[in-house]
Amino acid sequence: MAEQVIVTLPDQRKLEVAQGTTLYQVAQQIGSSFAKKVAVANVDGTLYGLNEYIGEDCQVEFLTYEDEKGLEAIRYTLGYLAGEVLEKHGAKVAGFGVNKEQFFVDFKPEENLKAADLEKVSKDIQKAVSANHPIEIRELSKLDALDQFSENAFMQHHIEQASEPVKVAVHGDYAAVIDQPLVHNLSKVKNFSLQAVSATNWLRDVNNEALQRVSGFAFADAKALEDHQAFIDKYEQVNHRRLGKELDIFSFSEFAPGMPFYAHNGQVIRLELQNMLRQLQFEADYEEVYTPFIMDETLWKNSGHWDHYQDNMYFTEVDEQTYALKPMNCPGHMLIYKNHLHSYRDLPIRMAEFGQVHRHELSGSLNGLFRVRTFNQDDAHIFVRRDQIESEILDVLGLIHKVYSVFGFDYSIELSTRPDDFMGEIELWDFAEQSLENVLNQHGFEYTVNEKDGAFYGPKIDIHIKDALGRSHQCGTVQLDFQMPEKFDLTFVNKDGEKERPVVIHRAIYGSSDRFIGILLEHFGGNLPLWLAPVQLEVIPVNADLHLDAVKDLKRQLKAEGFRVDLDLSDEKMGYKIRQAHLRKVPYTLVVGDNEVENGTVAVRKRGASEETSVDVKDFIEQLKAERDVLNSVE
1 MAEQVIVTLP DQRKLEVAQG TTLYQVAQQI GSSFAKKVAV ANVDGTLYGL NEYIGEDCQV
61 EFLTYEDEKG LEAIRYTLGY LAGEVLEKHG AKVAGFGVNK EQFFVDFKPE ENLKAADLEK
121 VSKDIQKAVS ANHPIEIREL SKLDALDQFS ENAFMQHHIE QASEPVKVAV HGDYAAVIDQ
181 PLVHNLSKVK NFSLQAVSAT NWLRDVNNEA LQRVSGFAFA DAKALEDHQA FIDKYEQVNH
241 RRLGKELDIF SFSEFAPGMP FYAHNGQVIR LELQNMLRQL QFEADYEEVY TPFIMDETLW
301 KNSGHWDHYQ DNMYFTEVDE QTYALKPMNC PGHMLIYKNH LHSYRDLPIR MAEFGQVHRH
361 ELSGSLNGLF RVRTFNQDDA HIFVRRDQIE SEILDVLGLI HKVYSVFGFD YSIELSTRPD
421 DFMGEIELWD FAEQSLENVL NQHGFEYTVN EKDGAFYGPK IDIHIKDALG RSHQCGTVQL
481 DFQMPEKFDL TFVNKDGEKE RPVVIHRAIY GSSDRFIGIL LEHFGGNLPL WLAPVQLEVI
541 PVNADLHLDA VKDLKRQLKA EGFRVDLDLS DEKMGYKIRQ AHLRKVPYTL VVGDNEVENG
601 TVAVRKRGAS EETSVDVKDF IEQLKAERDV LNSVE
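So the sequence shown is residues 1 to 635, counted in full-length UniProt numbering.
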């Protein structure tokens, strides 16, 4: 007779079951209807599929298909099944996984798969789902697993990376190494859609073997899948990579992978974002600085970045000395602070820079402006006394609120605590975390805690903005740092005439200005607000010969007030010119004919409007100035 084990449930109920009982059988003991809703189980803190066995006393929490981990299991299972189908077509499966709502499988094809082939692959997956044959989970030693997959070097790599025992999922003649739970009931994975076949590389490294990737989306029910497909269709219309090309904002080149080239339109946006923040920083007594792109490797070793960022840094040799392109701006600001003696009366010192940084990202992870290898940070470092920490953080949060209000962004706050690879003394970390909590709690901020996600040098407050598509983007951050002042031996003279360490507050609002531009393009669908639009007004004469002087004079008046204006003097018809201005997403199109010249007015068509209105030129310019001056409308 099998030995009995005790299963403890979240409500502290205890079930006595035979050793070797599956988790699905345990769920059935709770209730047959309950078992049908369950996707995976958390056993003593580790996730398992329901077709896995219990071998000893344990605590078990069951998760449904609607839970995040249940949905992840659905998607992981579909990646596994897609691999099975592709292997039957001669491919060699390299791996599969989940990325948010998406599942994927990477493979080495016998012949390259085309987009037209996805329908056949999808049908074959559906057949496997409908047949609903159980997937068996086997636990093997590394030696046995390596032997079983002797013909697949990709799987052998996963085996080498796995811990003992290695889990292998077997479905008929197909087998693959797994590192996440699979769904017990395949009928629960029927709500999926294959989206794309694309090129990739083994382990997402361009230097490795070329592979293909099939990806798709999956949800627990058909309605959720339908809603997501509608979202994807909408997103394709506002994809920042598409808009960047159509509106001539940015591009990429094979000569500098992952490094954006900004056309004039893009540079206008970059400068407007900088100038708006520059004005707010000036009002808040920030000092703007500039630091070199390349600095000696010993600086990065001293700062601690070497240990944490070395794999993502670019290096070069100069006069037999190794230099690095900066991945962050902080060490440069520490050096500027260190150039002078400081009194306690000098603090806080608020140092800001629009600094260009470089970080090596794997080619497979590059994604438009959202993931690049060089980007501009709106970086600031504030040097404070300990008694100034909380008031200064509150001021920083107020500045962040003002900036996000300009764009109409709602946002949420997250407190990220000490990571496993933290630097420094635990006592200082506790003090730093408590300081951040005090600010958030005492001033009524709602926030969540993200355990172990702080920077290596200190805890942080992360700000997540929500865009028009309902997505969340982490942009702003406020980080408290006791380590950098220690590393760089920074001091100030306190009231008693003794040297004391300042504390550094790291602050970013856009985060990456490049990524923020991508977010804005998608948030506004390319229809940027007046102050940010590269071309703010398009002026069109009814007759290019008769009204040329009038439109040139109008342009002169508008430019004198700082507006960016284009004239369309082409021979195209009026309707075509207006449509072109609309496609370029120009906020205002102005038409000038005989009536306008005679009356000192202009026919104004606002972006998205179907009708024109006649407005006095001087009154219109005043309206434009009020609309452009966005900082006057936020608190």
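Glycine included, every Cβ here is placed at the ideal spot set by N, Cα and C.
Quantities reported herein were computed from a predicted structural model and do not represent experimental measurements.
- Shown here, residue 80 sits in a helix according to DSSP, grouped into three states.
- Fewer than three pairs of CB atoms, one per stretch, sit closer than 8 Å, so the region 142-153 makes no contact with the region 242-262.
- A check of alpha carbon separations from residue 598 across 615, 588 and 605 identifies 615 as the nearest.
- Each of 578, 549, 583 and 531 was checked against the Cα of residue 632, and the nearest Cα belongs to 531.
- Closest option to residue 67, judged by alpha-carbon separation, among 212, 219, 95 and 587: 219.
- Residue 47: member of the beta strand (DSSP E) spanning 46-49, first to last residue.
- Bridge pairing for residue 61: 42 [DSSP].
- Excluding residues up to 5 positions away in sequence, 299 and 303 lie with their Cβ nearer than 6 Å to the Cβ of residue 331 in the same chain.
- Pairing residue 27 with residue 183 gives a Cβ-Cβ distance that is not under 8 Å.
- Less than 8 Å divides the Cβ of residue 621 from the Cβ of residue 561.
- Annotated three-state conformation of residue 249 is coil, per DSSP.
- By the neighbour-count criterion, in which 16 or more other beta carbons inside 10 Å mark a residue as buried, residue 522 falls on the buried side.
- For residue 34, the enclosing alpha helix (DSSP H) stretches over residues 32-37.
- Between residue 520 and the set 490, 475, 544 and 497, the nearest pair of CA atoms involves 475.
- Non-local C-beta neighbours of residue 37 in its own chain, meaning closer than 6 Å and more than five positions away in sequence, comprise 64, ordered along the chain.
- Apart from sequence neighbours up to five positions away, the residues of its chain that approach residue 297 with a beta-carbon distance below 6 Å are 322 and 324, ordered along the chain.
- Contact between residue 490 and residue 334 holds, since their C-beta atoms are separated by about 6 Å, short of 8 Å.
- Here residue 479 is bridged, per DSSP, to 460 and 506.
- Out of 409, 438 and 457, the CA that lies nearest to the CA of residue 429 is found in 457.
- Contact check for residue 506 against residue 545 fails: the beta carbons are separated by 8 Å or more.
- In this structure residue 6 is exposed. Its beta-carbon is surrounded by fewer than 16 other beta-carbon atoms within 10 angstroms.
- Taking 8 Å as the cut-off, the Cβ atoms of residue 132 and residue 186 count as close.
- According to the DSSP secondary-structure assignment, residue 154 is paired through a beta bridge with no residue.
- Per DSSP, the continuous beta strand (DSSP E) segment holding residue 353 begins and ends at 349-358.
- According to the DSSP assignment, residue 574 belongs to the alpha helix (DSSP H) that extends over 574-583.
- DSSP, read as helix, strand or coil, puts residue 141 in coil.
- For residue 174, the enclosing beta strand (DSSP E) starts and ends at 174-177.
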